[in-house]
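Numbering (my numbering), first residue to last: 174 to 402. Reviewing the structure listed below.
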């Protein structure tokens with residue numbers, strides 16, 4: 174991790190049990206991130222298998238795309254500081270549940286709940302926390318289905334349980350969230366203009382939700398089960 178950002182992170186990694194110089198800190202942090210990457214691969218594979226299976230059963234793919242990421246060191250530091258916690262490997266593992274993240278883009282709203290339920294039925298997946306921002310959107314209009322799950326990952330020296338954050342959205346929800354996130358961090362916006370933009374974004378979010386509902390109805394009409402009576 175030769176970047177300046179990562180070295181600044183290592184300077185704050187102050188756990189005396191794990192920090193015995195920059196080299197050891199780098200090794201320990203890289204080991205932890207490798208474990209999170211392994212957890213991402215495990216969960217991603219589960220979604221890919223479900224998508225393949227449902228494409229045969231339903232004659233369509235419920236998952237449009239799968240994206241994954243590891244939280245950047247700067248974001249980890251900021252989150253621990255907001256919690257008023259020292260930057261330690263222990264705190265990263267125990268206090269930050271979204272270091273490893275997967276975003277699953279579904280075609281329809283009912284696909285989101287179907288895929289989430291199927292994942293949670295697997296006996297090696299444990300649900301840690303769930304927040305439904307589709308049925309209960311955030312004030313700014315943000316919609317998504319969030320889960321923190323725990324999955325066992327097997328290494329040469331044993332098994333470890335790793336947390337992974339999963340966000341499930343429709344294509345329209347992801348379009349809105351991506352643009353809202355990009356614009357939110359744009360500099361030199363006055364408070365007045367920010368308020369105006371917020372109102373317009375909320376209106377767009379509501380329009381997108383209506384479109385998702387209409388597309389769901391159209392899909393249901395197309396794929397409805399035939400009446401056998």
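Where is the CB? At the ideal position from N, CA and C, for every residue including glycine. Remember, predicted model here, so these are calculated numbers, not experimental data.
Burial state of residue i, where buried means 16 or more other Cβ atoms lie within 10 Å
i	result
residue 428	One cannot answer for residue 428 here, as it falls past the ends of the chain, which runs 174 to 402.
residue 279	buried
residue 164	This structure does not reach residue 164, given that the chain is present from 174 up to 402, and the question cannot be answered.
residue 331	exposed
residue 144	Examination of residue 144 is not possible in this model, given that the chain is present from 174 through 402 alone.
residue 298	buried
residue 190	Legend: pLDDT at residue 190 = 48, less than 50; position of this residue unreliable, value from coordinates given subsequently. Under this definition residue 190 is an exposed residue.
residue 396	exposed
residue 204	exposed
residue 176	Bear in mind that a pLDDT of 49 at residue 176, under 50, signals an unreliable position, so the number given afterwards is only what the model happens to contain. The residue in question, residue 176, is exposed, as its Cβ has fewer than 16 Cβ neighbours within 10 Å.
residue 358	exposed
residue 347	buried
residue 343	buried
residue 428	Not covered by the structure: residue 428. The range shown for the chain is 174 to 402.
residue 263	exposed
residue 256	exposed
residue 219	buried
residue 246	buried
CB contact flag (residue i, residue j, <8 Å)
i	j	result
residue 208	residue 333	yes
residue 275	residue 249	no
residue 314	residue 386	no
residue 288	residue 243	no
residue 384	residue 345	yes
residue 229	residue 277	no
residue 216	residue 324	yes
residue 145	residue 273	No answer is possible for residue 145: it lies beyond the span of the chain, which begins at 174 and ends at 402.
residue 365	residue 270	no
residue 211	residue 326	yes
Residues bridged to residue i (per DSSP)
i	result
residue 240	276
residue 303	320
residue 334	325
For residue i, the first and last residue of its enclosing alpha helix (DSSP H)
i	result
residue 282	282-293
residue 270	Per DSSP, residue 270 belongs to no alpha helix (DSSP H) and is neither H nor E.
residue 248	246-255
residue 260	Residue 260 -> no alpha helix (DSSP H), and no H or E assigned at all.
Cβ-heavy atom distance, residue i to the ligand GDP, below 7 Å
i	result
residue 246	Here there are no bound small molecules, and the ligand GDP is not part of this structure.
Chain D contact for residue i (CB, 8 Å cutoff)
i	result
residue 302	Included in the structure is just one protein chain, with no chain D present.
Could you tell me whether the region 318-336 touches the region 301-309, where touching means 3 or more Cβ pairs closer than 8 Å?
yes
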